[in-house]
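Chemist: So the sequence shown is numbered by the UniProt record's numbering: it starts at 1 and just counts up by one.
Ideal Cβ placement from N, Cα and C applies to all residues, glycine included.
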Amino acid sequence: MDTRDYLIKAGEKVDLKKIPTCYEGDLDKKDVKNHLAPKNLEKLQDYQERLYAENKQGLIIVLQAMDSGGKDSLIKHVMTGLNPQGTKVASFKRPSDRELDHDFLWRVNRELPSRGDIGIFNRSHYEEVIVTRIHDLVKIQPLPEDLIDKDLWQNRFDDIVNYENYLRNNGFRMVKFFLHISKEEQKSRLMDRIVRPEKHYKFDKSDITERTYWDKYQRAYEDLFEHTSTKEAPWYVVPADRKWFSRYLVSQVILETLQDMDPHFPQLSKEAEESLDHWKKVLEES
Numbered sequence: 001m002d003t004r005d006y007l008i009k010a011g012e013k014v015d016l017k018k019i020p021t022c023y024e025g026d027l028d029k030k031d032v033k034n035h036l037a038p039k040n041l042e043k044l045q046d047y048q049e050r051l052y053a054e055n056k057q058g059l060i061i062v063l064q065a066m067d068s069g070g071k072d073s074l075i076k077h078v079m080t081g082l083n084p085q086g087t088k089v090a091s092f093k094r095p096s097d098r099e100l101d102h103d104f105l106w107r108v109n110r111e112l113p114s115r116g117d118i119g120i121f122n123r124s125h126y127e128e129v130i131v132t133r134i135h136d137l138v139k140i141q142p143l144p145e146d147l148i149d150k151d152l153w154q155n156r157f158d159d160i161v162n163y164e165n166y167l168r169n170n171g172f173r174m175v176k177f178f179l180h181i182s183k184e185e186q187k188s189r190l191m192d193r194i195v196r197p198e199k200h201y202k203f204d205k206s207d208i209t210e211r212t213y214w215d216k217y218q219r220a221y222e223d224l225f226e227h228t229s230t231k232e233a234p235w236y237v238v239p240a241d242r243k244w245f246s247r248y249l250v251s252q253v254i255l256e257t258l259q260d261m262d263p264h265f266p267q268l269s270k271e272a273e274e275s276l277d278h279w280k281k282v283l284e285e286s
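#1: In the DSSP assignment, the beta strand (DSSP E) including Ser91 goes from what residue to what residue?
#2: If you check the beta carbons only, do Leu258 and Asn40 fall under 8 angstroms apart?
#3: Which word fits Pro266, buried or exposed, when buried means at least 16 other C-beta atoms lie within 10 angstroms of its C-beta?
#4: Ignoring anything shorter than 4 residues, give me the alpha helix (DSSP H) runs that lie fully in the segment 13 to 56, in order along the chain.
#5: Along the chain, where does the beta strand (DSSP E) that runs through Val237 open and close?
#6: Any idea which residues DSSP pairs Ala65 with across the strands?
#7: Per DSSP, what kind of secondary structure is Leu7 in: helix, strand or coil?
#8: Is the Cβ-Cβ distance between Leu82 and Gln48 less than 8 angstroms?
#9: Considering just the uninterrupted stretch of the alpha helix (DSSP H) at Asn155, what are its terminal residues?
#10: Report the three-state DSSP secondary structure of Phe225 (helix, strand or coil).
#11: If you run the structure through DSSP and keep just helix, strand and coil, what is Ile208?
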């Protein structure tokens with residue numbers, strides 16, 4: 001599988017209607033679930049250990065999707081084998097009054113992983129150019145009126161790109177995924193939440209009312225992909241109607257990103273290495 005097939009290149013024009021939501025390739029579901037995906041998880045564990053031990057770099061994974069796109073289950077399945085000590089998951093919902101009293105990146109900055117850690121954003125700073133834009137919530141934000149103009153969203157895109165470049169320049173990689181589902185698949189998943197008692201806890205009526213804004217959401221995502229997918233922090237549009245494939249593809253991209261980061265176990269000093277034989281004998285005699 002060539003993950004570049006799902007990459008949004010910098011400045012590329014995006015039409016989500018032309019991008020498949022369902023994988024129809026040659027990969028076999030059983031082979032992926034029984035062999036390829038487990039191998040990826042093993043490799044991810046190894047690279048996470050190196051990243052944690054090296055303590056010089058960090059990785060930020062951004063997950064965005066329409067409601068019921070599969071973000072929660074993807075986190076559960078793809079990250080299940082990682083060491084919780086080096087993993088941090090942050091979910092972003094509607095901003096609180098306290099968060100609105102700060103710049104829009106403030107609440108995201110507070111949730112960044114430490115060096116050596118992997119941070120997973122379930123929704124992210126991109127909510128500001130998605131939900132806020134579609135529902136015109138900027139009008140109720142405490143902003144100077146002269147900043148709310150025709151350049152607002154372009155300025156937001158510029159701020160985000162500059163922020164992500166800043167993180168990269170400080171040793172933090174970011175890779176971003178949009179779980180691309182069809183409106184029909186979303187309907188099926190939302191219906192599951194209504195008819196299956198064990199999924200009632202997931203149901204929220206807003207998930208259904210938001211479907212009336214489907215086309216607006218699609219256009220808003222297309223706009224942000226075109227303005228914020230960069231070499232330093234790329235976007236991947238992941239066909240997500242089949243969860244087994246979306247989980248495998250995301251794990252593969254994360255693995256390739258860690259391989260490119262190439263973290264190493266730290267080297268002992270010459271003095272410490274020379275003392276190992278001594279401490280081995282001390283331990284054996286204890």
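Modeler: Judging by the given coordinates:
#1: Working through the sequence shown from its first residue, we reach residue 91 at position 91. Counting along the chain, the beta strand (DSSP E) containing Ser91 begins and ends at Thr87 to Ser91.
#2: Here residue 258 refers to the residue found at position 258 when the sequence shown is read from its first residue. Here residue 40 refers to the residue found at position 40 when the sequence shown is read from its first residue. Not closer than 8 angstroms, so no.
#3: In the sequence shown, the residue the question calls residue 266 occupies position 266. So Pro266 counts as exposed.
#4: Runs of alpha helix (DSSP H) with 4 or more residues, each lying fully within the segment 13 to 56, are found at 37 to 54, listed in chain order.
#5: As a position in the sequence shown, residue 237 is number 237, starting the count at 1. Segment Trp235 to Pro239, the beta strand (DSSP E) holding Val237.
#6: Counting from one through the sequence shown, the residue named residue 65 turns up at place 65. Partner(s): Leu179.
#7: The count along the sequence shown starts at 1 and reaches residue 7 at position 7. Correct three-state label for Leu7: strand.
#8: The residue given as residue 82 occupies position 82 in the sequence shown. The residue given as residue 48 occupies position 48 in the sequence shown. Taking C-beta atoms as the reference points, Leu82 and Gln48 count as a pair closer than 8 angstroms.
#9: Here residue 155 refers to the residue found at position 155 when the sequence shown is read from its first residue. The continuous alpha helix (DSSP H) containing Asn155 extends over residues Leu152 to Asn169.
#10: The residue you call residue 225 lines up with position 225 of the sequence shown. DSSP places Phe225 within a helical segment (H, G or I) once states are collapsed to three.
#11: Position 208 of the sequence shown, counted from the first residue, corresponds to residue 208. Of the three classes helix, strand and coil, the one that applies to Ile208 here is helix, per DSSP.
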